[in-house]
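Trainee: Note that the protein sequences, when read in sequence, are chains A and B. Residues in the first sequence are numbered consecutively from 53, following the working numbering. Residues in the second sequence are numbered consecutively from 53, following the working numbering. Positions of the beta carbon are idealized from the N, C-alpha and C atoms, including for glycine. Submitted below is the structure of interest, expressed as structure tokens.
There are 2 protein chains.
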Amino acid sequence: MAEERRGAERAPLSRERVLHAAVALADASGASGAEAFSMRRLAQELGVVPMALYKHVANKEELLDGMVDMVVGEIARPTTSADWKSAVRQQILSARSVLLHHRWAARVIESRTGPTPAVLAYLDSVIGTFRDGGLSADLTHHVMHALGSRLLGFSQELFDTGGAAPTPSPATAGAAAADLARAYPRVAEIAAAAAHDMDSAVGGGCDDQFEFEFALDLLLDGIERLHHRGWTSTSPST
Amino acid sequence: MAEERRGAERAPLSRERVLHAAVALADASGASGAEAFSMRRLAQELGVVPMALYKHVANKEELLDGMVDMVVGEIARPTTSADWKSAVRQQILSARSVLLHHRWAARVIESRTGPTPAVLAYLDSVIGTFRDGGLSADLTHHVMHALGSRLLGFSQELFDTGGAAPTPSPATAGAAAADLARAYPRVAEIAAAAAHDMDSAVGGGCDDQFEFEFALDLLLDGIERLHHRGWTSTSPST
DNA sequence: ACCTGAACACCGTTCAAGT
DNA sequence: ACCTGAACACCGTTCAAGT
């Protein structure tokens with residue numbers, strides 16, 4: 053059943069159409085889009101035999117590269133010509149908003165072994181913002197490493213709080229929280245501190261956007277201080 | 053061929069032995085240990101039918117959880133009772149050295165949907181260091197989010213520089229570098245800046261340990277400043 | 001020359017049959 | 001009761017056969 057989906061997709065296959073359908077399929081699978089995605093499922097979605105895809109992409113890896121480039125290409129270029137710090141901040145926040153619309157993308161980008169053209173173009177642009185703002189090539193280089201995947205909007209959290217949290221029953225949650233508090237008292241204390249201004253219970257009750265901006269500003273403020281101090285990689289870091 | 057490996061592995065199966073063999077198999081597969089690892093390959097390595105594993109682990113997910121706990125359990129507990137900043141620094145650097153010995157581990161940890169017991173115990177210990185150092189529960193909470201996966205030694209780089217870089221021939225590398233410099237001039241400039249004190253060409257020529265410590269110190273210094281300033285999440289961040 | 005069905009070499013896991 | 005072989009429902013990709 054459901055062999056033929058949308059009739060509009062009966063147009064002749066092309067690399068464009070394959071890539072668009074691939075992104076749409078991954079988007080539709082939500083947070084587990086990276087795992088749920090397969091060549092065979094994509095072919096089925098396009099109403100096509102699996103082998104037909106190989107006329108337009110060399111293999112799955114190349115298709116994933118193409119999907120990454122589509123997503124990274126969505127990131128808005130900076131409009132304001134503000135100081136480097138707000139420009140980079142705004143750039144990274146819009147990268148984050150793109151990643152939030154394609155929840156599979158971070159995992160797929162991480163699986164690539166090297167940068168794709170769109171990623172290189174994006175990094176080139178961010179580097180340009182730092183350099184035009186007066187940062188030395190030396191400092192900019194280390195700063196790009198320090199920001200790392202956060203440049204593309206990665207939260208870099210240890211576990212995905214915004215994901216498919218099972219949301220257990222209040223009774224179960226209470227018992228689990230009590231067990232957790234006994235075994236990991238420091239974790240429990242921190243979780244309680246987080247729950248102060250949030251309504252949710254232990255765990256998923258954090259404001260992802262606040263945590264992202266907190267970490268980003270911590271880094272940008274630090275970078276600004278190094279820049280004003282005339283830091284170089286040969287000078288003592290403290 | 054090579055049906056029976058090491059004779060010592062003929063001992064009766066146990067959860068312990070399964071987990072140890074799983075870690076050893078992933079280690080042996082190098083950087084691609086996460087992808088190369090499979091239940092069937094592990095069973096073969098143990099000289100056992102695949103189904104035999106399911107007597108000791110519920111499924112592959114639970115086995116991966118167990119592998120993560122083994123690796124995280126290897127992280128050395130802090131010995132010195134120094135100030136919180138050097139204690140956390142030392143703790144994170146030893147987490148990093150463990151991750152460098154198990155190149156598959158970061159990818160597997162990221163694939164887990166929630167923290168395992170050993171990870172919780174580790175986080176509990178780091179939180180304790182911050183709290184004993186005088187940081188508020190509020191600040192500690194946000195700081196733990198900001199450090200994120202770096203707490204476990206993740207480099208958080210966009211692409212793995214230490215991995216299987218193809219190391220192209222000098223001629224190819226030169227041509228590629230010229231093309232890259234034309235398309236992405238800012239990237240090329242930064243790469244050249246990095247190559248100053250390094251012998252390698254564009255790309256993999258960065259000192260991973262330096263970049264890791266640079267980013268870590270950027271964060272720890274920023275945290276220290278917020279702490280001394282009496283920062284709270286309700287106060288203005290700038 | 002182009003397209004595609006069957007096939008190959010995998011995978012995690014279920015389940016019934018054998019001991 | 002325990003163990004395990006065959007089987008199921010996948011996967012990416014090769015390749016030869018059909019048009």
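Below 7 Å CB to CB, which residues in the same chain sit around residue 201 of chain A once its five sequence neighbours on both sides are set aside?
Mentor: Around residue 201 of chain A: 208.
Trainee: Please report whether the beta-carbon of residue 266 of chain A lies at a distance below 8 Å from any beta-carbon of chain B.
Mentor: yes
Trainee: Use the C-beta contact count for residue 148 of chain A: other C-beta atoms within 10 angstroms, 16 or more gives buried, fewer gives exposed.
Mentor: buried
Trainee: Tell me the DSSP secondary structure of residue 69 of chain B in three-state form.
Mentor: helix
Trainee: Evaluate residue 64 of chain A with the Cβ neighbour count: other Cβ atoms within 10 Å of its Cβ, from every protein chain shown; 16 or more gives buried, anything less gives exposed.
Mentor: exposed
Trainee: Alpha carbon to alpha carbon, how far is residue 106 of chain A from residue 246 of chain A? Give it in angstroms, no decimals.
Mentor: 49 Å
Trainee: Look at residue 236 of chain A and residue 191 of chain B and say whether their C-beta atoms are less than 8 Å apart.
Mentor: Contact: no.
Trainee: If we cut at 8 Å on Cβ distances, does residue 61 of chain B have a partner in chain A?
Mentor: Any reading at residue 61 of chain B must be qualified, since the residue scores a pLDDT of 46, below 50, and its modelled position is unreliable; no value is offered.
Trainee: Specify the secondary structure class of residue 210 of chain A as computed by DSSP and reduced to three states.
Mentor: Looking at residue 210 of chain A - three-state DSSP - the assignment turns out to be coil, as it is neither helix nor strand.
Trainee: Taking the alpha helix (DSSP H) that residue 179 of chain A belongs to, which residues open and close that run?
Mentor: 169-184
Trainee: Tell me which residue opens and which closes the alpha helix (DSSP H) that residue 195 of chain A is part of.
Mentor: 189-199
Trainee: Just the C-alpha distance for residue 60 of chain A and residue 102 of chain A, rounded to the nearest angstrom, thanks.
Mentor: Model confidence at residue 60 of chain A stands at a pLDDT of 41, short of 50, so the residue's coordinates are unreliable and nothing is read from them.
Trainee: Under three-state DSSP, which class holds residue 127 of chain B?
Mentor: In this structure, DSSP gives residue 127 of chain B a state outside helix and strand, which the three-state scheme calls coil.
Trainee: Shorter than 8 Å from the beta carbon of residue 245 of chain B to some beta carbon of chain A?
Mentor: yes
Trainee: Compute the Euclidean distance between the alpha carbons of residue 267 of chain B and residue 98 of chain A, then round it to the nearest angstrom.
Mentor: Computed Cα separation, rounded: 45 Å.
Trainee: Based on Cα-Cα distance, which residue from B:145, B:272 and B:146 lies nearest to residue 182 of chain B?
Mentor: B:272
Trainee: For residue 197 of chain A, would you say it is in contact with chain B, using Cβ-to-Cβ distances shorter than 8 Å as the test?
Mentor: yes
Trainee: According to DSSP, simplified to helix, strand and coil, what is residue 236 of chain A?
Mentor: Looking at residue 236 of chain A - three-state DSSP - the assignment turns out to be coil, as it is neither helix nor strand.
Trainee: Just how far apart, CA to CA, sit residue 193 of chain A and residue 261 of chain B?
Mentor: 14 Å
Trainee: Whose CA, out of B:196, B:134, B:78 and B:198, lies closest to the CA of residue 153 of chain B?
Mentor: B:78
Trainee: What would DSSP say about residue 151 of chain A, mapped onto helix, strand or coil?
Mentor: helix
Trainee: Quick check: what's the CA-CA separation for residue 72 of chain B versus residue 213 of chain A?
Mentor: 30 Å
Trainee: Report all residues from its chain with a CB closer than 7 Å to the CB of residue 137 of chain B; omit the five preceding and five following residues, and keep chain order.
Mentor: 272 and 276
Trainee: Give a yes or no on whether 8 Å exceeds the smallest Cβ distance from residue 125 of chain A to chain B.
Mentor: no
Trainee: Go ahead and pull the three-state DSSP assignment for residue 89 of chain A.
Mentor: coil
Trainee: Anyone know if the C-beta pair for residue 178 of chain A and residue 150 of chain A falls short of 8 Å?
Mentor: no
Trainee: Just checking my contact of residue 121 of chain B with residue 168 of chain B at CB under 8 Å: how many whole Å lie between their CB atoms?
Mentor: 5 Å
Trainee: Counting only beta-carbon atoms, is residue 113 of chain A nearer than 8 Å to chain B?
Mentor: no
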